[in-house]
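So the sequence shown is numbered by this note's numbering: it starts at 13 and just counts up by one.
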Amino acid sequence: MTNDTATVTCRFCGTQNRFPVEKALLDLTTVVCGNCRMGLLRVNGEPLTNIKAEDIAHPWDKEAIAKLRSIPYAEELLKKVMGSTLDKLTLFEHMGGALKVGPRQAPSLHRMYLEAAGRLDVDPPPLFLVQSPIPNAYTAGANKPVVSITSALVDKFDERSIVGVLGHELAHVKLGHVLFRTLAVLIARGALSVLNFAGLANIAMQPIKILLFKWYQMSELSADRGELVATGSLAAHVRTSMMLAGGSVKLANELDVAAFIDQAHEAEQMRENDMLVSISEMFANQNRTHPLGVWRVHHALQWSRTQAFFDVLAGQERVHALPG
Ligand SMILES: [Zn+2]
Ligand SMILES: [Zn+2]
13 MTNDTATVTC RFCGTQNRFP VEKALLDLTT VVCGNCRMGL LRVNGEPLTN
63 IKAEDIAHPW DKEAIAKLRS IPYAEELLKK VMGSTLDKLT LFEHMGGALK
113 VGPRQAPSLH RMYLEAAGRL DVDPPPLFLV QSPIPNAYTA GANKPVVSIT
163 SALVDKFDER SIVGVLGHEL AHVKLGHVLF RTLAVLIARG ALSVLNFAGL
213 ANIAMQPIKI LLFKWYQMSE LSADRGELVA TGSLAAHVRT SMMLAGGSVK
263 LANELDVAAF IDQAHEAEQM RENDMLVSIS EMFANQNRTH PLGVWRVHHA
313 LQWSRTQAFF DVLAGQERVH ALPG
């Protein structure tokens with residue numbers, strides 16, 4: 013337990029309210045204005061406008077993606093090489109093999125998707141429901157992405173968790189992650205030799221590959237923040253992470269949130285400097301996505317205790333310094 017507090021100005025009566033963070037996180041809907049008793053945070057699926065990418069981007073993500081973008085011509089080249097053809101292939105693959113979700117197709121899932129998009133203030137790309145026994149969601153493509161969610165995730169997870177997972181994917185879209193993430197996945201699948209990527213030999217790619225896979229982990233930290241913003245529920249985020257890590261439906265009654273959180277903090281303590289690089293490469297070789305979910309919970313919990321998190325949920329205008 014910490015004694016941190018956050019400050020939010022009531023949007024109804026203008027009163028400034030200070031409240032203890034730990035207590036608020038137990039149920040954000042209970043955080044009300046001391047003066048007019050109205051809810052201080054937008055947490056019931058209400059859209060959040062004005063939310064900026066930098067409001068949710070994790071500093072490690074920002075730092076790593078800046079390095080990727082500083083590689084001369086990398087982004088332009090990627091957009092050209094991977095761009096329209098890959099987008100067309102990805103869209104056709106999904107149009108031809110999965111269900112395109114919309115007002116007529118799986119409307120409840122469509123509604124959850126629109127809710128998540130409203131929370132992240134992002135134009136939602138096409139959403140597909142993919143038949144798979146593995147609970148998962150992913151965003152694919154290059155310049156025009158598609159979002160996919162598997163049938164197992166929809167079947168096994170509750171509605172708040174699904175909104176959160178969709179918010180996670182939409183955060184990747186909002187933060188401009190998709191191009192580099194697709195590149196990482198293609199490398200992991202050994203697809204580069206097929207594409208003969210920009211004529212670059214694998215050996216020249218090695219330092220970029222390491223940079224890319226490490227960033228891939230960092231990009232998850234930002235997307236997890238998007239997940240928190242989408243639902244406004246720390247409990248939903250922790251539950252989702254626990255289910256994705258090892259949640260058995262049969263053992264649902266035995267799964268312990270507190271023990272899981274302890275494990276997440278312990279995982280962070282175990283992490284050594286370059287461990288993420290080695291792990292990332294290992295995962296890449298095994299073609300695994302969304303790894304290290306337990307570790308990420310530590311960072312999501314940390315962010316949920318900051319004023320920045322409450323500013324986003326309150327829809328408060330973030331003060332950005334004006335030039336001169
Ligand atoms: Zn008020
Ligand atoms: Zn992700």
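Backbone N, C-alpha and C define an ideal beta-carbon position, used for all residues, glycine too.
Mind checking which residues open and close the beta strand (DSSP E) that includes residue i?
i    : result
S260 : Note, S260: premise wrong, no beta strand (DSSP E); not H, not E.
L141 : L139 to V142
Given this structure, state the Cα-to-Cα distance separating residue i from residue j, to the nearest angstrom.
i    : j    : result
I68  : R193 : 18 Å
P303 : C25  : 44 Å
K112 : S160 : 9 Å
Q229 : C48  : 43 Å
V206 : F321 : With a pLDDT of 45 at V206, under the threshold of 50, the modelled position of that residue is not reliable, and the figure given next carries that caveat. Computed Cα separation, rounded: 43 Å.
E232 : Q314 : 15 Å
E266 : L38  : 20 Å
A18  : T318 : 7 Å
H249 : G305 : 11 Å
V340 : L178 : There is simply no residue 340 to check, as the chain begins at 13 and stops at 336 in what is shown.
Q218 : L89  : 17 Å
L80  : V197 : 16 Å
H310 : E280 : 7 Å
V43  : V241 : 16 Å
G114 : H122 : 5 Å
V324 : L132 : 10 Å
Q28  : V269 : 33 Å
G57  : S260 : 28 Å
A149 : L40  : 26 Å
I220 : K156 : 24 Å
N15  : R283 : 26 Å
A118 : A110 : 12 Å
K91  : P136 : 20 Å
V55  : A326 : 9 Å
L334 : A200 : Residue confidence is low: L334 scores 47 on pLDDT, short of 50, so the model does not pin down where it sits. Its coordinate-derived value is still stated next. Cα to Cα, L334 sits roughly 42 Å from A200.
L195 : L263 : 37 Å
T61  : V134 : 9 Å
K100 : F140 : 15 Å
L223 : C22  : 43 Å
L246 : R116 : 31 Å
S290 : R30  : 43 Å
S96  : E278 : 43 Å
What are the boundary residues of the alpha helix (DSSP H) that includes residue i?
i    : result
I273 : V269 to M282
I174 : E171 to K186
I199 : V190 to A200
I7   : Since the first residue of the chain shown is 13 and the last is 336, residue 7 is not available in this structure.
I77  : P71 to R81
L60  : Premise fails: L60 is in no alpha helix (DSSP H) and is neither H nor E.
Q328 : Counting along the chain, Q328 falls outside any alpha helix (DSSP H), and DSSP gives it neither H nor E.
L121 : P119 to L132
G305 : G305 to S316
Tell me, which residues are paired with residue i by DSSP?
i    : result
P32  : T17
G51  : V44
L101 : Paired residues: none, contrary to the question.
Y150 : S160
K112 : F140
Under the assumption that residue i contacts residue j (Cβ atoms under 8 Å), give the Cβ distance between them as a whole number of angstroms.
i    : j    : result
K168 : P147 : 6 Å
A276 : W307 : 7 Å
P59  : G176 : No, P59 and G176 are not in contact; Cβ-Cβ is about 16 Å, not under 8 Å.
S173 : R251 : 6 Å
V190 : T151 : 6 Å
V142 : S120 : About 17 Å; that fails the 8 Å criterion.
T102 : G46  : About 50 Å; that fails the 8 Å criterion.
A65  : L187 : 5 Å
L53  : G244 : 7 Å
V33  : Q328 : Contact doesn't hold; Cβ gap of about 15 Å is too wide.
M254 : F272 : 5 Å
Does the CB of residue i have a neighbour CB from chain D at under 8 Å?
i    : result
T252 : Among the chains in the structure shown there is no chain D, since it carries only a single protein chain.
The stretch 97-110 in contact with the stretch 69-78 per 3-pair CB rule at 8 Å: no
Cβ contact (3+ pairs, closer than 8 Å) linking the stretch 234-246 and the stretch 181-196: yes
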